[in-house]
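Below is one structure, written out as structure tokens; the observations come after it.
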Amino acid sequence: MANGRDAMANRIPCPFVYANKRRCPGHIVRVEAYKADITWTPDENGRWRPSIGEVRSHYHLFCSERENHAGSGRGDSPKMKCYLNQLPGGLKLE
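Once you know that position 78 of the sequence shown is 79 in our numbering, the rest is easy, because the numbers rise by one and skip nothing.
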């Protein structure tokens with residue numbers, strides 16, 4: 002079981018930046034996938050594994066402080082809705 006320090010080290014900072022240039026102090030607590038194109042294929046051991054397609058799939062990030070920062074209406078801040086290649090470091094699939 003991970004200790005509290007390990008859990009803190011694995012937190013991914015919220016990418017949202019307020020209009021006054023202050024970064025949100027929260028961290029990502031949940032990611033939801035929408036229009037996810039999931040395919041299941043067997044691996045080299047014959048076990049079936051899922052993989053996510055990148056074309057239509059997009060993701061909504063949720064923050065510990067302000068959920069999805071709904072209502073911000075600003076186009077210049079990092080988005081809480083993004084595609085796979087736009088996910089913050091630590092969330093990108095390998």
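Here a beta-carbon is modelled for each residue, glycine too, at the ideal position from N, C-alpha and C.
For clarity, every value in this text was computed on a predicted model and none was experimentally measured.
What are the start and end residues of the beta strand (DSSP E) that includes residue i?
i, result
"residue 98", "Nothing about residue 98 can be reported from this structure: the residues present for the chain run from 2 to 95 only."
"residue 51", "49-53"
"residue 12", "No beta strand (DSSP E) holds residue 12; DSSP gives it neither H nor E."
"residue 31", "29-35"
"residue 61", "59-64"
"residue 80", "Here residue 80 belongs to no beta strand (DSSP E), and DSSP marks it neither H nor E."
"residue 89", "Careful: residue 89 lies outside any beta strand (DSSP E) and carries neither H nor E."
Can you find a C-beta in chain B that's less than 8 Å from the C-beta of residue i?
i, result
"residue 65", "The displayed structure is made up of one protein chain only, and chain B is not part of it."
Beta-carbon within less than 7 Å of residue i's beta-carbon, same chain only, minus the 5 sequence neighbours each way: which residues are those?
i, result
"residue 88", "60"
"residue 91", "13"
Please look up how many angstroms separate the CB atoms of residue i and residue j, rounded, as I've assumed it's under 8 Å.
i, j, result
"residue 39", "residue 62", "About 19 Å; that fails the 8 Å criterion."
"residue 66", "residue 27", "3 Å"
Between which residues of its own chain and residue i is the CB-CB distance below 8 Å, once the five residues before and five after are set aside?
i, result
"residue 2", "Reliability of the predicted coordinates at residue 2 is poor, the pLDDT of 43 falling under 50, and no value is obtained from them."
"residue 36", "57, 58, 59"
"residue 64", "15, 17, 25, 27, 28, 29, 30, 70, 81"
Using a Cβ-Cβ cut-off of 6 Å (strictly less than) and excluding sequence neighbours within five positions of residue i, which residues of its own chain qualify?
i, result
"residue 49", "41, 43"
"residue 51", "39, 41"
Give the DSSP-derived three-state secondary structure of residue i in the structure shown.
i, result
"residue 3", "The pLDDT assigned to residue 3 is 49, lower than 50, so where the model puts this residue is not dependable; a value taken from the coordinates is nonetheless given after this. Coil at residue 3, not helix or strand."
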